[in-house]
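Visitor: Residue numbers (numbering that gives the first Met the number 0), protein chains in the order written: chain U, 0 to 229; chain H, 0 to 229.
Beta carbons: idealized from backbone N, C-alpha and C, even for Gly.
Quick caveat: nothing in here was measured; it's all calculated off a predicted structure.
Number of protein chains: 2
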Amino acid sequence: MKALVLPVLERPEGMTTHDYAFARLRQAIMVGAFRPGTSVTIRGLAEALESSPTPIREALRQLTSIGALDFLENRRIVVPRITPARFEELISLRIVLESHAARRAVAHLSDRQIDRIVAIDEAIEAAILDGQKAAALIANQEFHRQIYMANPDQVAMPLIESVWLQLGPILGIAMEHVTELYVVDRHREAIEALRRRDEDAVAEAIGADIREGIGGFDQQAIGKLLSLAR
Amino acid sequence: MKALVLPVLERPEGMTTHDYAFARLRQAIMVGAFRPGTSVTIRGLAEALESSPTPIREALRQLTSIGALDFLENRRIVVPRITPARFEELISLRIVLESHAARRAVAHLSDRQIDRIVAIDEAIEAAILDGQKAAALIANQEFHRQIYMANPDQVAMPLIESVWLQLGPILGIAMEHVTELYVVDRHREAIEALRRRDEDAVAEAIGADIREGIGGFDQQAIGKLLSLAR
DNA sequence: TTTCCAAAAATGTGATCACAAAATAAGAAT
DNA sequence: ATTCTTATTTTGTGATCACATTTTTGGAAA
């Protein structure tokens, strides 16, 4: 059993142990800190997070509910493996879900909010030019999230994040193999469409952005990686 | 504290207490056994299910992850209330998700599977003519599930069920107020399209089916109910 | 060296308990 | 009768323990 290293995450005062464990594990999986097939144990995580098994168990159970982990028949807890076919399904689901969420957010976005989204996009490009892959990835997620969450009655975000979580472990592999990221200019296209409040164009740009590369990672290259990583 | 009545559910041998509690509560919410705003307690459910609090807590936490329950700030556990706007978002999300899932299932459906789906549709109509609202609802979900699950690499079903769960409590109210159900013939349309393996037509039929009525319940009527039920 | 079997260790499950926070009930003051 | 305060009860949280199952280990047999 090798020592566990989880990306750090600030713990807000008053947050329960369970919520903290959930948030931290969730983030770890989302940014690809675990490889597909990795198995975790309740006691191991309890030790790593300096708590008792109880809240960890609850966090793990929640993570399975959103597809981030798998409780196998043997009672083993693992990070799910992904087949190329499943990968393709996940991407197409992202496209459908996110272009829909984007479309329904357009009418709610203020100019000020769009400015903030532009700032996030600049942060993404800065991270890419700097070669900071993990930072670019997180900023990219933030870019998308800020758009979808502008809709106050929005209900799709949790589902979208579930898909992100299922793609997370793949991103971890991609980050190891992809030497350099490229700037995705579909973001610019999306921003222009947002400014015009053009719902169709926004949906189209978001869809294309996902299709062409998941957050700076070339989609085809990842698909190829997948068939190798067995 | 009034006594809790949960729809019965068979417990397969070897199923853990936690899994059973999760499955049973989930089904109860899905078929509208709980009204929006209802609050539940860990100890109360533990007693009702004759177990200790531990597995119940895990089940409740999982249910919150999929939007079926809400842990409030005050630590109260409630069945979420739904606003008309949220309701509309959920319906439009259903349309997007399910027409996509249906489309991607078409190529995988064998004639034998389609026959089974036809049989389910007949069961729905029988239940409707018989006035068995709950049975019609469950059969209707089964109709949709059988289509989407035909795709072996499918990843959308858990998300779709999450949306169903969020709509569940509304269905409970609808069942109380709607006196009679009507047969939705969009199912026939979907079946015809399935036989022709016409993806566009299938997606269109499923979308229309959802738009016109959620499982036999008129959508507009429910929207009106919502604004009253406060 | 490989295969097989038994002992030991590790691991998930579920019950119980102490504790703190929240909700409710009860009584006093206005 | 109503409002406020205090005491009691309820409830979620997290730690701990016993148990059964699974996995791993270590050595014997082929």
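(1) Could you list which residues in chain U have their beta carbon closer than 8 Å to that of Val253/H, in chain order?
(2) For a quick check, are the C-beta atoms of Asp208/U and Arg185/U less than 9 Å apart?
(3) Kindly indicate if chain H contains any beta-carbon less than 9 Å away from that of Asp231/U.
(4) Using a Cβ-Cβ cut-off of 6 Å (strictly less than) and excluding sequence neighbours within five positions of Leu92/U, which residues of its own chain qualify?
(5) Are the C-beta atoms of His143/H and some chain U residue less than 9 Å apart?
(6) Pull the bridge partners of Ile76/H from the DSSP assignment, please.
(7) How would you list, in chain order, the residues of chain U whose beta-carbon sits under 9 Å from the beta-carbon of Thr82/H?
(8) My assumption, with CB atoms under 8 Å, is that Leu62/U sits in contact with Arg25/U. Please give the rounded CB distance.
(9) Could you tell me which whole alpha helix (DSSP H) segments of length 4 or greater appear in the region 11 to 40 of chain H?
(10) Cα separation between Glu72/U and Phe21/H?
(11) Pull up the distance between the alpha-carbon of Met29/H and that of Ala133/H, whole angstroms please.
(12) Among Glu121/U, Asp152/U, Gln112/U, Asn150/U, which has the Cα closest to the Cα of Asn139/U?
(13) What does a CB cutoff of less than 7 Å around Thr16/H pick up in its chain, not counting 5 residues either side in sequence?
(14) Quick one: grab the DSSP three-state call for Lys1/U.
(15) Please identify the residue among Ile146/U, Ala100/U, Ile81/U, Glu97/U whose C-alpha is closest to the C-alpha of Asp110/U.
(16) Does the structure place the region 34 to 45 of chain H close enough to the region 76 to 85 of chain H that three or more beta carbon pairs sit under 8 Å?
(17) Identify each residue in the region 50 to 70 of chain U for which the Cβ-Cβ distance to at least one residue of chain H is less than 7 Å, and report them in chain order.
(18) So if I threshold CB-CB distances at 7 Å, which residues from the region 195 to 210 of chain U count as touching chain H?
(19) Should Tyr181/U and Ile127/U be called a contact, given that it needs their Cβ atoms to be closer than 9 Å?
(20) Just verifying my parser: in three-state terms, what is the DSSP assignment at Ala155/H?
(21) If you count every other CB in all the chains shown that lies within 10 Å of the CB of Gly206/H, and 16 or more means buried, which is it?
(22) Distance cutoff 9 Å, beta carbons only. Does His107/H sit that close to anything in chain U?
(23) Within the 9 Å Cβ cut-off, does Ala155/H reach chain U?
(24) Would you check if the distance between the CB atom of Glu198/U and the CB atom of Val105/U is smaller than 9 Å?
(25) Pull up the CB-CB distance for Leu158/U and Leu96/U, whole angstroms please, since I reckon it's below 8 Å.
(26) In chain U, what lies closer than 8 Å to Arg85/H by C-beta?
(27) For Glu179/U, which option in Leu170/U, Gln131/U, Glu141/U has the closest C-alpha, if you only look at C-alpha atoms?
(28) Answer with buried or exposed for Arg42/U, where buried requires no fewer than 16 other C-beta atoms within 10 angstroms of its C-beta.
(29) Over the uninterrupted alpha helix (DSSP H) stretch that includes Ser51/H, give me the two end residues.
(30) Does any residue of chain U have a CB that is nearer than 9 Å to the CB of Glu88/H?
(31) Given this structure, state the Cα-to-Cα distance separating Ala67/H from Glu57/H, to the nearest angstrom.
(32) Using three-state DSSP, classify Val162/U as helix, strand or coil.
(33) Quick check: the Cα distance between Gly31/H and Asp18/U, rounded to an integer number of angstroms?
(34) Quick one: using the 10 Å Cβ neighbour count with 16 as the cut-off for buried, is Val7/U buried or exposed?
(35) Would Arg277/H and Ile90/H be called neighbours here (beta carbons separated by less than 9 Å)?
(36) Can you list, in chain order, the residues of its chain whose CB lies under 8 Å from that of Met148/U, leaving out five sequence neighbours each side?
Guide: The relevant details are as follows:
(1) Nothing can be reported for residue 253/H: it is not among the residues displayed for chain H, which extend from 0 to 229.
(2) Contact flag set, yes.
(3) Nothing in the structure corresponds to residue 231/U, since chain U is present only between 0 and 229.
(4) Cβ within range, chain order: Val162.
(5) For His143/H, no CB of chain U lies under 9 Å from its own CB, so it is not counted at the interface with that chain.
(6) Answer by DSSP bridge pairing, in chain order: Val39/H, Phe70/H.
(7) Chain U residues near Thr82/H: Asp152.
(8) Confirmed, about 6 Å.
(9) Unbroken alpha helix (DSSP H) runs of no fewer than 4 residues, entirely contained in the region 11 to 40 of chain H, are found at 16 to 29, following chain order.
(10) So the two alpha carbons sit approximately 17 Å from each other.
(11) Each residue's CA atom was taken as its position, placing Met29/H and Ala133/H some 11 Å apart.
(12) The shortest Cα separation from Asn139/U among Glu121/U, Asp152/U, Gln112/U, Asn150/U belongs to Glu121/U.
(13) Apart from the 5 residues on each side of it in sequence, Thr16/H sits with its Cβ closer than 7 Å to the Cβ of Ser50, Pro54 in its chain, given in chain order.
(14) Caution applies to Lys1/U, whose pLDDT of 46 falls short of 50 and renders its modelled position unreliable; the value that the coordinates give is listed next. It is coil, neither helix nor strand.
(15) Out of Ile146/U, Ala100/U, Ile81/U, Glu97/U, Ile146/U has the C-alpha closest to the C-alpha of Asp110/U.
(16) By the Cβ criterion, the region 76 to 85 of chain H is in contact with the region 34 to 45 of chain H, since at least three pairs of Cβ atoms, one from each stretch, lie closer than 8 Å.
(17) Hits within the stretch, in order: Arg56, Glu57, Arg60, Gln61, Ser64, Ile65, Gly66.
(18) Near chain H, meaning a CB-to-CB distance below 7 Å, no residue of the region 195 to 210 of chain U qualifies.
(19) Taking a C-beta distance under 9 Å as the contact criterion, Tyr181/U and Ile127/U qualify as a contact pair.
(20) Three-state DSSP puts Ala155/H in coil, outside helix and strand.
(21) Classification of Gly206/H: buried, given that the 10 Å Cβ count is 16 or more.
(22) Judged by the 9 Å Cβ criterion, His107/H is not in contact with chain U.
(23) Chain U, which has a Cβ nearer than 9 Å to the Cβ of Ala155/H, makes this yes.
(24) Yes.
(25) Between Leu96/U and Leu158/U the Cβ distance is about 6 Å, and since that is below 8 Å, they are a contact.
(26) What Arg85/H touches in chain U: Asp152, Val154.
(27) When only C-alpha atoms are compared, the closest one is Gln131/U.
(28) A residue is called buried once 16 or more other Cβ atoms fall within 10 Å of its Cβ, and Arg42/U, having fewer, is exposed.
(29) Looking at the DSSP string, Ser51/H is not in any alpha helix (DSSP H), and its letter there is neither H nor E.
(30) Against chain U, the CB of Glu88/H has a partner CB under 9 Å away; the residue lies at that interface.
(31) Answer to the nearest angstrom: the Cα atoms are 14 Å apart.
(32) DSSP places Val162/U in helix when its eight states are reduced to three.
(33) Computed Cα separation, rounded: 28 Å.
(34) Per the 10 Å Cβ criterion, exposed.
(35) Residue 277/H is absent from the structure shown; chain H starts at 0 and stops at 229.
(36) Once the five neighbours on either side are set aside, the close Cβ partners of Met148/U are Ala104, Met156.
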